[in-house]
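Only one structure is covered here, and it is reproduced in the block below.
Numbering (full-length UniProt numbering), first residue to last: 1 to 921.
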């Protein structure tokens with residue numbers, strides 16, 4: 001048998017030193033043959049043999065060794081009468097550069113110099129020594145461009161015919177980071193694919209990365225040859241919890257929300273820390289930035305981009321990445337400019353002026369003010385956009401400008417008076433932007449749970465007599481409760497503690513509110529009463545009043561003003577709770593825990609990974625410009641600077657993981673109940689969000705069930721899966737640490753419990769988020785339909801009835817958001833409602849690891865078919881005239897949960913472009 005005497009590292013450049021990757025705790029056998037491709041005549045298995053060989057086309061002299069020497073050299077005997085033969089591995093690496101580095105000089109450097117090194121590990125240990133078996137690093141050579149902007153590199157490595165490739169270590173000695181798309185390894189007995197999709201930094205000491213093939217393994221099944229690498233890769237992602245994170249790192253760790261304020265800039269920008277006993281909250285990604293001097297509990301604001309692990313950042317294909325950053329930076333600069341210019345309180349002069357915002361109308365608004373002040377903010381914003389776009393390509397400029405050119409929202413396209421109609425007001429609680437708040441009334445009188453001594457009487461002013469009058473004696477109030485005909489939007493207990501604090505702010509006001517609806521025989525809701533309350537204070541008694549649809553002109557205008565208050569409450573709750581808290585904020589801990597505790601070769605990691613795509617990045621951008629002190633949310637939504645504190649209160653009293661599953665959420669709100677046979681029955685039959693959502697939920701759960709059953713044959717496989725159990729423990733004890741002792745946390749002790757947990761996470765990241773995100777501009781883009789803020793108190797509270805009676809429309813316009821607030825909110829709503837060209841959709845996007853497994857590929861194809869069937873079902877529902885909450889004159893069809901099935905050009909609404917797999921916008 002021949003072994004090569006040429007040193008393994010000879011192929012490497014002199015500057016390439018010893019590998020720093022090998023741990024001191026373990027050692028590995030470096031394999032022979034060591035020269036490259038070896039061809040020889042038949043090799044007889046004898047204890048001593050000599051042969052001639054050709055190495056890379058040249059004659060080579062073999063070294064005479066006995067069988068023990070062969071085994072020590074790494075040529076392993078598998079049977080007494082058979083020896084493994086040297087073969088060749090050909091690895092093809094597809095990669096690309098960061099666009100910022102894609103210059104001619106840089107490209108030339110990467111093509112002509114050796115900088116990319118690959119080291120292969122066997123999945124088996126050496127049977128004699130019990131050590132890992134690996135090659136030394138081999139330099140890959142440039143081969144070609146792939147036509148899609150990526151570089152293709154190839155490397156040839158000697159290998160053993162009896163060993164599987166268990167891992168590859170990639171080492172980057174280039175002058176910048178590179179994105180490794182995939183590595184294809186050709187062997188005589190078939191190919192091995194590594195789906196990497198990861199950035200490899202060039203920073204010394206961090207420029208090596210471990211990748212594993214597509215085959216998934218539970219921890220107990222990990223091939224022995226790569227078990228150490230599996231743990232090393234996880235350790236590298238956990239970090240040590242110290243120091244400031246650099247943008248090129250890939251460390252996942254936890255921190256409280258202590259970076260929303262900027263107390264070093266101004267005392268007015270100080271904000272409480274969210275997280276901990278006083279203000280419970282989920283955790284965010286730790287950045288390790290220095291603490292503020294003015295408030296050591298707060299972290300300083302980032303001067304540039306906020307750190308997220310490198311692979312969590314937007315990719316070049318995510319067209320919305322650049323767009324999002326530009327838009328938010330534009331708005332940030334705009335708010336700064338307005339500190340010294342303009343009047344933030346200026347109202348729209350007329351409803352016609354609001355209509356003129358859309359399309360190109362804002363350039364030709366009705367000139368109702370002598371100096372045309374009503375165009376001031378839009379003109380100023382346009383100047384700010386152009387300033388920030390200097391030097392950008394024209395096509396990029398146009399993409400940005402589109403966000404600030406407001407198309408007419410769908411609700412206003414369908415029906416110019418929809419915003420005024422009570423029927424639409426009620427319908428949107430079931431099929432609009434926030435269909436997650438409506439709940440069943442189970443008792444009368446409606447009661448508060450707040451302390452009566454502090455906040456006043458607990459019983460609502462909406463009495464049985466008032467209800468019976470408003471439903472025209474169709475039944476008694478008690479019968480209406482018994483027959484499940486009364487429903488409520490209840491923002492009483494949530495908002496009442498913040499009313500006085502919010503009212504101290506400029507340009508906003510707040511009430512606690514209750515809005516009661518009656519379910520008509522035809523299955524639609526009708527609003528019957530709105531209760532608004534201001535709690536008592538040291539200087540004032542409690543004020544509260546019930547408003548009803550009136551028969552007089554004055555009562556009708558008061559009803560519209562009361563609706564504007566409630567719509568601002570519902571819009572704020574939607575943004576802060578239904579959208580931000582329950583999806584973006586609560587999902588980030590799952591992302592962090594999964595990357596810290598689940599190996600990239602773990603099947604559950606590979607199931608969840610696509611549902612975490614870009615969530616940390618979009619959340620970081622939100623902390624930078626949207627939910628930060630004096631940011632867009634504080635400036636344009638009713639709770640103002642108390643917005644995030646309010647979301648903390650909801651998290652503390654309301655959020656429960658098990659109730660985030662759609663069926664459980666519907667049951668909690670009384671919108672569904674379980675029949676004796678276990679099936680779910682909706683309280684309102686025509687509830688579009690629930691009807692369509694349950695189809696998606698069932699499809700997700702069936703897909704997850706097949707996936708889990710494929711990898712876990714028994715309960716013991718789940719309870720004994722150390723990575724899985726550590727992941728779930730960390731979600732509870734670190735990611736949601738302030739709720740870790742709650743009794744409702746599921747225990748992963750069966751396939752059923754695991755399926756429920758995974759289905760809940762996937763549903764929240766996909767269906768739930770799609771349902772509340774993409775309708776934002778179609779519904780709230782028209783300000784009177786969904787005002788983001790209410791600025792003026794009810795005239796019946798203030799006693800200012802004269803101004804109301806003289807010009808009720810002006811009072812309504814003064815209640816709606818100001819021109820400044822609208823100019824801030826509309827671009828964000830427009831941006832957040834958009835889909836990017838690189839989006840991945842539920843039931844359409846498949847992971848390479850799923851496709852590499854025949855059973856999982858078949859299961860996913862069934863999931864895909866199910867989703868396409870759901871799309872057809874939704875189309876049929878939207879054509880059914882009996883379903884009045886989704887079909888009718890001027891009614892916007894419910895397509896928020898329609899799976900993506902074709903060309904976007906064939907779709908008429910941004911809401912029907914599909915359900916993204918993750919929270920990526």
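A virtual CB, placed ideally from N, CA and C, is assigned to each residue, including glycine.
Requested in this report: In the DSSP assignment, find the unbroken alpha helix (DSSP H) run with residue 664 in it and report its ends.
Outcome: 662-668
Query raised in the report: Since residue 773 contacts residue 832 with CB under 8 Å, what's their CB separation in whole angstroms?
Result: 6 Å
**Report entry** Under the three-state DSSP convention, the category residue 760 falls into
**Finding:** helix
Report task. Determine the DSSP secondary structure at residue 202, reduced to helix, strand or coil. Result -> DSSP places residue 202 in the coil class of the three-state scheme, outside both helix and strand.
Query raised in the report: Between the segment 425-434 and the segment 511-531, do three or more beta carbon pairs fall short of 8 Å?
Result: yes
Query raised in the report: Where do the N-terminal and C-terminal ends of the alpha helix (DSSP H) with residue 604 fall, by residue?
Result: For residue 604, the enclosing alpha helix (DSSP H) starts and ends at 603-608.
Requested in this report: Check the C-beta distance from residue 636 over to residue 789 and give it rounded, since I have them as a contact under 8 Å.
Outcome: 6 Å
Query raised in the report: Just to confirm, are residue 253 and residue 286 a CB contact at a threshold of 8 Å?
Result: Cβ atoms of residue 253 and residue 286: closer than 8 Å.
**Report entry** Three-way DSSP call (helix, strand, coil) for residue 1000 in this model
**Finding:** Past the boundaries of the shown model lies residue 1000; the chain is included only from 1 to 921, so the question cannot be answered.
Query raised in the report: Can you tell which of 289, 269 and 264 has the C-alpha that lies nearest to the C-alpha of residue 255?
Result: 289
Query raised in the report: Are the Cβ atoms of residue 870 and residue 608 separated by less than 8 Å?
Result: In this structure, residue 608 does not lie closer than 8 Å to residue 870 by Cβ.
Query raised in the report: Would you call residue 135 buried or exposed, if buried means 16 or more other Cβ atoms sit within 10 Å of its Cβ?
Result: With 16 or more other Cβ atoms within 10 Å, it is buried.
**Report entry** Local Cβ density within 10 Å of residue 578, reported as buried at 16 or more and exposed below that
**Finding:** buried
Query raised in the report: Since residue 672 is in the beta strand (DSSP E), which residue starts that stretch and which ends it?
Result: Run containing residue 672: 672-674, per the beta strand (DSSP E) assignment.
Query raised in the report: Can you list, in chain order, the residues of its chain whose CB lies under 6 Å from that of residue 907, leaving out five sequence neighbours each side?
Result: 913
Report task. Find the nearest neighbour of residue 93 within the set 182, 172, 214 and 709, judged by alpha-carbon distance. Result -> 182
Query - Beta-carbon spacing of residue 634, residue 615 below 8 Å - result: no
Query raised in the report: Can you tell me whether residue 250 is buried or exposed, with buried defined as 16 or more other CB within 10 angstroms of its CB?
Result: That one is buried.
Requested in this report: Please determine, among 822, 683, 279 and 844, the residue with the shortest C-alpha to C-alpha distance to residue 700.
Outcome: 844
Report task. Report the residue from 168, 235, 244 and 623 whose alpha carbon sits nearest the alpha carbon of residue 271. Result -> 623
Query raised in the report: Can a CB atom of chain B be found closer than 8 Å to the CB of residue 918?
Result: Absent from the structure is chain B; it holds one protein chain and no more.
**Report entry** Proximity winner among 477, 248 and 184, relative to residue 466 (alpha-carbon distances)
**Finding:** Ranking the options by Cα distance to residue 466, first place goes to 477.
Report task. State the beta-bridge partners of residue 141 as determined by DSSP. Result -> 154
Requested in this report: Determine the extent of the alpha helix (DSSP H) in which residue 810 is found, giving its start and end residues.
Outcome: For residue 810, the enclosing alpha helix (DSSP H) covers residues 808-815.
Query raised in the report: When DSSP builds the beta bridges, which residues end up paired with residue 951?
Result: Look at the range of the chain in this structure, 1 to 921, and you will see that residue 951 is not part of it.
Query raised in the report: Can you name, in chain order, every residue of its own chain whose Cβ lies under 7 Å from the Cβ of residue 111, other than the five neighbours on each side?
Result: Closer than 7 Å at the Cβ level, and outside the excluded window around residue 111, lie 142.
Query raised in the report: What does DSSP give as the partner residues of residue 533 in its beta bridges?
Result: 512 and 544
Requested in this report: Starting from residue 935, trace the beta strand (DSSP E) both ways and give me its first and last residue.
Outcome: Outside the displayed span of the chain (1 to 921) sits residue 935, for which this structure offers no information.
Query raised in the report: Measuring CA to CA, which of 704, 795, 765 and 724 is closest to residue 752?
Result: 704
Query raised in the report: Ends of the alpha helix (DSSP H) at residue 874?
Result: 854-878
Report task. For residue 552, count neighbouring Cβ atoms within 10 angstroms of its own Cβ and tell me buried if that reaches 16, exposed if not. Result -> exposed
Query raised in the report: If you run the structure through DSSP and keep just helix, strand and coil, what is residue 589?
Result: helix
Report task. Classify residue 917 as buried or exposed, calling it buried when 16 or more other Cβ atoms lie within 10 Å of its own Cβ. Result -> By the neighbour-count definition (other C-beta atoms within 10 Å, threshold 16), residue 917 is a buried residue.
**Report entry** Cβ neighbours of residue 237 in the same chain (closer than 7 Å, five flanking residues each side left out)
**Finding:** 250, 251, 252, 595 and 596
Query raised in the report: DSSP three-state call for residue 911: helix, strand or coil?
Result: helix
Query raised in the report: Exposed or buried, residue 736, counting other C-beta atoms within 10 Å across all chains shown (16 or more means buried)?
Result: buried
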